[in-house]
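Numbering (my numbering), first residue to last: -19 to 474. Heads up, the beta-carbon is just placed ideally off N, CA and C, and yes, glycines get one too. These numbers come from a predicted model, not from an experiment.
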Amino acid sequence: MRKITVKQVSEATNAELTGENKAEVSDVTHDSRQAGTGALFVAVRGLTMDGHRFVNDVMRRGAVGVISELDAPEHFQGAWLKVADARTALAQAAAVINANPSHDLKLVGITGTNGKTTTTYLTFALAEANGETGAMLTTVEYRIGDKSEPAVRTTPEASDTNRFLRRAVEADCQMAVMETSSQAIDLHRCDALRFEVAVFTNLTRDHLDYHLTMENYYDAKKKLFDGRLGETPKSSVINVDDDWGAKLAADLKLNNQKVITFAQNNPADLTAENVEVSLIRGTSFDLKTKHGVRKITSPLVGKPHVYNMLSATAVALELGYDLDKISQGLKICVGAPGRFERVAHDGEFAVVVDYAHSDDALLNTLKTARELTSGRIITVFGCGGDRDKTKRQPMGEVAGENSDLVIVTSDNPRTENPLQIISEIEIGLKKTDCEYLVISDRRDAIHQAIRRAKANDVVLIAGKGHETYQIIGSDKFHFDDREIAREALENLME
Ligand SMILES: Nc1ncnc2c1ncn2[C@@H]1O[C@H](COP(=O)(O)OP(=O)(O)O)[C@@H](O)[C@H]1O
Ligand SMILES: [Mg+2]
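As structure tokens, then:
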């Protein structure tokens, strides 16, 4: 790796540098525990903790200096880089220390309330289908080619992302695709990255505990597209069936940026017509693009996934991939785990595990399920504790309005009382006339749901998707909706 000095980092971060400037920098981090020999430590003043508390500690352990918004303390030994914004500087420093890996591959950023993970998986698969090696950062896993590691968070800190992307370049990846959550964008985790393509999937009410208003939320996402993170993406792929997406497309066009639109209900650069969805056969549609028209078949089930296929296809075309290979890739890609994932069995009803954990995602998922069956929908779900409480009642209402039987249970209650969370969901459920049961033990709830299923019914187990754990109090237990569903299905056979 290229050697880089404190002085070079200070230039990249527009810092006011005092103290040592020739020292070599090996790494940058805002996590004091990771700030080893040769590292620059970014002292971030967070909501609960002030990083400056750890300055002496990291210097004792061999850090070369500190990036901070404050003046250097008197008699400070080492390099002090005073910057306007510590988080922005973290991202800029991480990019330069890792020799700007985002310049050495085609980077795709995907933002939006729903569909990020699925679109990321699809885009990765389309790269493979075109003979490229890809990397991806997702809610479920981080991946370089065929090597996977568990995800720590959907969008890592800039220091981790740049290190990861450098590894991807060294592993000869030609492309990388990452979920870029609005919160991560807001926290400057995606600054100083060069995006070849940025994608906007949709914008609905979730994460309002963090962003407070839809306008703030929109504005956070918009930063990925309008150059406020550094550079504008070469092209922006936008869902114009979504009102906020239509607004974004119009705003970017006014700015003379390259915009590729996709839609199912409006005119757009990429559209899907004659969409047919079946729980058994999967999905098919006529894909229309400027590069040609193709009949697409996919094992993914549901109209939301048609959006994801459209956006992944738009990205793939922007990356220069071949339309026939794209349609071949879509034919075999099973998408992301736990996103309307069918649990295979021989019974005459369907069991679907889905990650929907907002009222809007739940509504989409339930609508998808309703279109696919003439039978009943039995929904099992709960809401997470210590997270956005405003969605509990709406989720109850959505579940009640769109199911034939709801079993309210626990999600990850964390430190909250599960029964309290459930009672907040019940307020929404009681507004509907749907029959419902409360079974706070999630395993029991899944067993009950499957025991009650008859021919043509859909049992929808929502909220946890790919997760393989449940957090109760501060303990994390192994728990996998798909395993429990299989266990319940096996019980039926006995
Ligand atoms: N394009 C879409 N529009 C609406 N809902 C979607 C879309 N794609 C997936 N979903 C649903 O949203 C939830 C989350 O999907 P996922 O791909 O994990 O998105 P994200 O990473 O943005 O959370 C799932 O319930 C899934 O079925
Ligand atoms: Mg995700």
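If the five residues before and after Asp249 are omitted, its C-beta is found closer than 8 Å to the C-beta atoms of Ile240, Thr241, Phe242, Thr269, Lys270, Ala294, all from its own chain and listed in chain order.
Exclusion of the five residues before and after Arg394 leaves Gly365, Asp366, Ile451 as the residues of its chain whose Cβ lies within less than 6 Å of its Cβ. In this structure, the beta-carbon distance from Gly262 to Val281 falls below 9 Å. Nearest in C-alpha terms to Tyr301, of all of Leu106, Thr100, Lys96, Ala(-5), is Leu106.
With a cutoff of 9 Å on beta-carbon distance, Leu61 and Ala71 are scored as not near each other.
By the criterion of at least three beta-carbon pairs nearer than 8 Å, the segment 146 to 155 is not in contact with the segment 192 to 209. The distance from the Cβ of Ile357 to that of Leu469 is about 18 Å, inconsistent with a contact at the 8 Å cut-off. The set of residues with a C-beta under 7 Å from any non-hydrogen atom of ligand 2 comprises Lys96, Thr97, Thr118, Thr119, Thr134, Glu159, given in chain order. Per DSSP, Asp334 is one residue of the beta strand (DSSP E) stretching across 330 to 334.
In the displayed model, Tyr197 falls within a helix according to three-state DSSP. Residues Ala71, Gln72, Ala75, Gly210 of the same chain have their beta carbon placed closer than 6 Å to that of Ala172, with the five preceding and five following residues left out of the count. Val132 sits in coil when the DSSP states are folded into three classes, being neither helix nor strand.
Going by beta carbons, Val177 and Gly89 fall inside the 9 Å limit. Judged by beta-carbon spacing, Arg423 lies beyond the 9 Å limit of Ile387, meaning their Cβ atoms are not closer than that value. Under DSSP, His168 forms no beta bridge with any residue. In the structure shown, the three-state DSSP call for Ser454 is coil. If you keep only unbroken beta strand (DSSP E) runs of at least 3 residues inside the segment 21 to 88, you get 45 to 48, 59 to 62.
Under the 10 Å beta carbon count, Met473 is surrounded by fewer than 16 other beta carbons and is classified as exposed. Under the criterion of beta carbons closer than 8 Å, Glu4 and Gly18 qualify as touching, at roughly 6 Å.
For Leu173, the three-state secondary structure derived from DSSP is coil. By a beta-carbon distance limit of 8 Å, Val314 does not contact Arg462. Their separation comes to about 13 Å.
For the segment 384 to 418, the full-length alpha helix (DSSP H) segments reaching 4 residues or more read 398 to 409 along the chain.
Closer than 8 Å to some heavy atom of ligand 1: that does not describe the Cβ of Phe180. Spanning the alpha carbons of Val63 and Val(-14) requires a straight line of approximately 14 Å. For ligand 1, no non-hydrogen atom lies closer than 8 Å to the CB of Gly114. Residue side-chain check: Tyr287 places its Cβ nearer than 8 Å to a non-hydrogen atom of ligand 1.
Put simply, the backbone Cα of Asn254 is about 38 Å away from that of Cys170. When the beta-carbon positions are compared, Ala442 and Ala336 come within less than 9 Å of each other.
Checking the DSSP bridge columns, you'll see Leu440 partnered with Val332, Thr359. Assignment of Glu(-4) by DSSP, reduced to helix, strand and coil, places it in the strand class. Separation of Gly95 and Thr181 (C-alpha to C-alpha, rounded to the nearest whole angstrom) is 6 Å. Assigned with DSSP and collapsed to three states, Ala156 falls in strand. Cβ-Cβ distances below 7 Å link Ala59 to Val(-14), Leu(-3), Gly(-1), Glu0, Asn1, Ala3, Val44, Gly45 in the same chain, with the five nearest sequence neighbours on each side left out; the list follows chain order. Looking at the DSSP output, Arg274 sits in a beta bridge with Leu267. Lys347 sits in a helix when the DSSP states are folded into three classes.
Between the alpha carbons of Ser264 and Gln163 lies a gap of roughly 34 Å.
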